[in-house]
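Heads up: the sequence shown begins at 1 in full-length UniProt numbering, then just goes up one per residue. All C-beta atoms, glycine included, are put in the ideal place defined by N, C-alpha and C. This one's a predicted model, so the numbers in the text were calculated from it and none came from an experiment. Take a look at the structure below.
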Amino acid sequence: MILVTGATGRLGTAVINQLLQDVPANQIAAFVRDETKATSLIEQGVVIRVGSYDDPDALNSAMQGIKTVLLIAGTDEENRVRQHQLVVDVARNARVQRIAYTSRALKDPSTLVNQLMKGHFQTEDYIKASGLAYTLFQNILYMDAIPQFVGGESVFEHGIHVPAGRGKVALALRSEMGEAIAKALLRDDTGNLTYRLTGSASYSFYDVAAALTDLSGKSVTYTPAEPGMFEEQLIRRGLPEVTARRITGFITDIANGQEDSISPDLEKLLGRKPTALKEGLISLYNL
């Protein structure tokens, strides 16, 4: 039996949707904070287990009879390393056979500008030291995040202005990552495994602008922004200073090449080429 945490989030939903195509629903357990958000899972016969990453008793109850736990990274950035460690501890005590974790595909954790990303690697280290068999999914930036990064539909009027320089990202769709994760969880492989889930090509924001221009028939330009000015603009738009700093750091890491790595793992798990940039943007922008 597989327990998927964060099961009503977008990645968790993608994983469960794929699992449902391959195994009976009663072999899938969904760990959720709010059962009212799991109506569709209940209707499909998925086992619901309620709790949070801060509740050891709920975690212990949720892991009874579980063979594999998929720990989807928490969204409480300030506390998630501690939360992840608790999940790992409970899994070990509950005699779970394997723990899987959704980490990040970044080149060099020691040179990251966005320090919060280091929490993923701290979690990886804790899992490796736990004695549990593990599977790590190091995920690239979701292609789905591009509209959020560049300003949604306003890009067709104002262009793209982010501090990413000529940095590239091997973008991949969240849905395809979820599909690949589910397939990996069902494999009979033994030992400790690490999958690096990336697209099959890297793209800069110049490429994104060119693709949007071709697809829409409107001229979309990309002008690299200076990080300090970009951060100030975010603050003027009403974002808290700490949030503006995190977003700026995230995009600056792209400029520094942190997300420019290509692995064949996603393609191998999918059994096909991942969706390329233009095809993904057609879907994301309804073009």
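Asked                                                                                                                                                                    : Found
Exposed or buried, isoleucine 28, counting other C-beta atoms within 10 Å across all chains shown (16 or more means buried)?                                             : buried
In whole angstroms, what is the alpha-carbon distance linking tyrosine 195 and alanine 180?                                                                              : 10 Å
Taking 8 Å as the cut-off, decide whether the C-beta atoms of residue 291 and phenylalanine 205 are in contact.                                                          : The question about residue 291 has no answer here: the residues shown for the chain are numbered 1 through 287.
Rounded to the nearest angstrom, how far is the Cβ of valine 87 from that of leucine 70, given a contact under 8 Å?                                                      : Not confirmed; about 10 Å, so no contact.
In whole angstroms, what is the alpha-carbon distance linking glycine 167 and asparagine 256?                                                                            : 6 Å
Contact defined as beta carbons within less than 8 Å: I believe residue 333 pairs with glutamate 124. What is the distance between those atoms, to the nearest angstrom? : Within the shown structure, residues of the chain are numbered from 1 to 287, placing residue 333 beyond reach of any answer.
Considering Cα atoms alone, identify which of Gln21, Thr39, Ser52, Thr190 is closest to isoleucine 99.                                                                   : Thr190
Quick one: using the 10 Å Cβ neighbour count with 16 as the cut-off for buried, is serine 219 buried or exposed?                                                         : exposed
Assign tyrosine 134 to one of three DSSP states: helix, strand, or coil.                                                                                                 : strand
Would you report the Cα separation of threonine 198 and threonine 5, rounded to the nearest angstrom?                                                                    : 22 Å
Take phenylalanine 31 as the anchor and find which of Asn60, Gln21, Leu116, Gln18 has the nearest alpha-carbon.                                                          : Asn60
Alpha carbon to alpha carbon, how far is glutamate 43 from glutamine 233?                                                                                                : 45 Å
Could you give the distance in angstroms between the alpha-carbon of isoleucine 160 and the alpha-carbon of leucine 11?                                                  : 27 Å
Do alanine 58 and leucine 3 come within 8 Å of each other at the CB atom, strictly closer than that value?                                                               : no
If you draw a straight line from the C-alpha of threonine 275 to the C-alpha of aspartate 214, how long is it?                                                           : 17 Å
Does the Cβ-Cβ distance between alanine 225 and proline 147 come in under 8 Å?                                                                                           : no
Between glycine 65 and isoleucine 48, what straight-line distance do the alpha-carbon atoms span, to the nearest angstrom?                                               : 13 Å
Would you decide whether proline 227 is buried or exposed? Buried here means 16 or more other CB atoms lie within 10 Å of its CB.                                        : buried
With H, G and I counted as helix, E and B as strand and the rest as coil, what does DSSP make of serine 154?                                                             : helix
Is the beta carbon of valine 169 less than 8 Å from the beta carbon of glutamate 259?                                                                                    : yes
Quick one: grab the DSSP three-state call for valine 169.                                                                                                                : strand
For the alpha helix (DSSP H) containing leucine 266, list its first residue and its last residue.                                                                        : 265-270
Counting C-beta neighbours from all protein chains within 10 Å, is the total for methionine 177 16 or more, i.e. buried, or is it exposed?                               : buried
Could you give the distance in angstroms between the alpha-carbon of valine 81 and the alpha-carbon of glycine 217?                                                      : 45 Å
Going by beta-carbon coordinates alone, are alanine 184 and leucine 266 separated by less than 8 Å?                                                                      : no
Going by DSSP in three states, asparagine 139 sits in which element: helix, strand or coil?                                                                              : strand
Along the chain, where does the beta strand (DSSP E) that runs through valine 69 open and close?                                                                         : 68-71
Which stretch, first to last residue, makes up the beta strand (DSSP E) that contains residue 289?                                                                       : In the structure as shown, the chain begins at 1 and stops at 287. Residue 289 is therefore absent and cannot be evaluated.
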